[in-house]
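Our numbering numbers the first residue of the sequence shown as 22 and each following residue consecutively.
What follows is a single structure, written as C-alpha cells, with notes after it.
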Amino acid sequence: MEMMADADEQDLASELMVKFIGEDGVDAGGLRRELFSLVFEKTPLLDRNTFSNEACSLQHGEYIILGKLVSLTFIYGHPGLKTLHQTIIKYILNEKTPTTEIPLADVQNATVLRAIDTVRIRFNKPLTQDSSQSAVYTVKEYHIFYRCFGHIRQFMDGLKLHGVLDIMILHHQEATQFLGEATALTAEVVNNFYSFSFSDKGDPNWETEEAIEYNFRCFICQVKKGRISSTVINISTETAEEDSIQVTLELVLQAFVGCPGLPKDIPSGLIEFNHNSSALSHVNTCAPSITFQNTSKLLKFEDFERTMLDIIFGCEGFGQK
C-alpha cells in the first residue's frame with residue numbers, strides 16, 4: 022500500500038511485475054494475482070462486507086489507494102474484491118443511497134449484532150413494534166453504509182484510475198460480481214476449468230493418466246463436501262502448535278492459480294504428466310498448470326491426496342508459510 026501511495030498515474034500505467042522476497046519465480050500473472058489476494062485478505066481497510074471505520078486511514082487517503090489497487094485487479098483479470106455489500110455497490114455504480122431493507126444476516130459485526138439485540142429485547146416494551154423495527158433498520162443501515170460514507174467516496178475516487186469506474190458503471194452486472202460478496206464455488210466449475218494433456222490411447226502411460234484424472238476429480242469433489250483437511254504447524258505461537266485446517270476450493274485455487282477464485286483473463290488451466298521424473302509434483306500459477314510427476318505413486322487415492330496437500334501447504338507463498 023505504501024508503494025501504491027508513492028506511485029503516480031504514469032507509474033501505474035506500466036505493467037506491474039511482482040517478486041516475493043526469498044522466493045524464486047518470474048511473474049507472468051500468478052504472483053501478481055497472489056499479491057492482490059493477500060492485500061485483500063490482510064488489509065485493515067475492509068470490515069468483512071463493508072469498509073472499516075479507520076479515521077486515520079481516511080485522513081491519509083488510504084481508501085483511494087485501495088480503490089486504485091482494485092482498479093488494477095480489474096484490469097489484470099483477478100477474480101475481484103468479492104466482499105462489498107450490495108448496498109455499497111449500488112451506490113458506487115449509480116450513487117443511490119440505501120432504499121431496501123438490509124437482512125440481519127448481512128450484518129457480520131458482533132458488536133453491531135449485540136446492539137440490535139439490545140434494541141429488540143431491552144427496549145421492546147417502551148418502544149412500539151414499528152419504532153423498534155425502525156431502530157434496528159437504522160443500526161444496520163448505519164453500519165453497512167452511512168458510517169463509512171467518506172470511505173466509499175475515497176474508494177470511488179481510486180476506482181477512477183484508468184477509467185475503471187466508468188467501465189464498471191457501463192458493465193453493471195460484471196462490476197457487481199467483481200466487487201460483491203463471492204458466490205460459493207462448485208466442484209464442477211473447478212473441474213471444468215482444468216483440462217488434461219493425455220498421451221495417445223495406445224501409450225502405456227494412458228491408463229495411469231486416466232487414473233490420476235479420476236483421483237483429481239474426486240479430490241476436488243471431496244474438498245467441496247468438506248471431507249479433506251490437513252494438520253499444519255502454526256509457527257506463530259510460542260509452542261508451535263498443530264492446527265487442523267479444512268481444505269476449501271478457495272484454498273485449492275489460491276495454491277493453483279494464486280487467488281481464491283478463477284482468473285477472469287484465463288479460460289482454462291492445464292494438467293500435464295512427466296512419467297520419467299521422480300521429483301515432486303508442482304504447480305505453475307502463471308500458466309496456470311499442474312505437472313504430476315512420479316506418476317506411479319499417484320494411483321491410490323490416499324497417495325494422491327497426500328500429494329495434493331503437499332502442493333497446497335508445501336509451496337512457497339500462498340499465505341501458508
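No residue lacks a Cβ here, since even glycine has one placed at the ideal position from N, Cα and C.
Quick check on the burial criterion: 16 or more other C-beta atoms within 10 angstroms. Buried or exposed for residue i?
i: M329; result: buried
i: Q281; result: For the sequence presented, residue 281 should be read as Pro rather than Gln. The residue is buried, with at least 16 neighbouring Cβ atoms inside 10 Å.
i: G179; result: buried
i: C77; result: exposed
i: I173; result: buried
i: F339; result: Because the pLDDT of F339 is 40, which lies under 50, any placement of that residue in the model is unreliable, and the question is left without a value.
i: Y167; result: exposed
i: K161; result: buried
i: L186; result: buried
i: S298; result: exposed
i: D27; result: exposed
i: S289; result: exposed
i: P225; result: exposed
i: I86; result: buried
i: N115; result: exposed
i: L56; result: buried
i: S265; result: exposed
i: D29; result: exposed
i: S250; result: exposed
i: S58; result: buried
i: T349; result: The chain is shown from 22 up to 342; residue 349 falls before or after that span and cannot be answered.
i: S286; result: Checking the sequence shown, residue 286 turns out to be Asp, not Ser. D286 is exposed by the Cβ-count criterion.
i: Y235; result: exposed
i: E6; result: A question about residue 6 goes unanswered here, because the residues of the chain that appear run from 22 up to 342.
So for residue i, helix, strand or coil by DSSP?
i: T312; result: strand
i: G290; result: strand
i: Q341; result: Low local confidence applies: a pLDDT of 40 at Q341 is under 50, so the model's placement there is unreliable, with the coordinate-based value given in what follows. If DSSP states are grouped into helix, strand and coil, Q341 belongs with coil.
i: I296; result: Strictly speaking, residue 296 in this sequence is His, with Ile absent from that position. Correct three-state label for H296: coil.
i: G43; result: coil
i: G201; result: strand
i: L67; result: strand
i: V304; result: strand
i: L105; result: strand
i: F166; result: coil
i: A34; result: helix
Could you round the C-beta distance between residue i and residue j to whole angstroms and report it? I think they count as a contact, below 8 Å.
i: V244; j: T269; result: 7 Å
i: L182; j: S92; result: 4 Å
i: Q175; j: G82; result: 6 Å
i: I110; j: T197; result: 6 Å
i: I332; j: A276; result: 6 Å
i: V133; j: H164; result: 5 Å
i: L283; j: F214; result: 6 Å
i: L90; j: M25; result: 6 Å
i: T312; j: E293; result: 5 Å
i: P309; j: G51; result: 6 Å
i: N70; j: L105; result: 6 Å
i: L272; j: V211; result: Actually they do not touch by this definition, with Cβ atoms about 12 Å apart.
i: F72; j: C169; result: 4 Å
i: L319; j: I233; result: 5 Å
i: T306; j: V278; result: 6 Å
i: E231; j: K103; result: 35 Å between Cβ atoms; not a contact.
Counting only C-beta atoms, is residue i closer than 8 Å to chain C at any point?
i: I109; result: The chain labelled as chain C is not found in the depicted structure, where only one protein chain is given.
> Can you give, in chain order, each stretch of the beta strand (DSSP E) that sits fully within the segment 209-281 and has at least 3 residues?
Replying inline: 215-217, 250-255 and 262-267
>> Taking contact to mean 3 or more Cβ pairs, one atom from each stretch, closer than 8 Å, check whether the segment 63-72 and the segment 235-254 are in contact.
In response: Under the 8 Å Cβ criterion, the segment 63-72 does not count as touching the segment 235-254, having fewer than three qualifying pairs.
> For the 8 Å Cβ check, are there 3 or more pairs between the segment 117-134 and the segment 219-232?
Replying inline: no
>> Using 8 Å as the cut-off, can you tell me whether the segment 299-311 makes contact with the segment 35-43, which would need three or more C-beta pairs spanning the two stretches below that distance?
In response: no
>> Which complete alpha helix (DSSP H) runs does the segment 76-128 hold, if anything under 4 residues is left out?
In response: Taking only runs of at least 4 residues, the alpha helix (DSSP H) segments lying wholly in the segment 76-128 are 76-80, 83-97 and 107-115.
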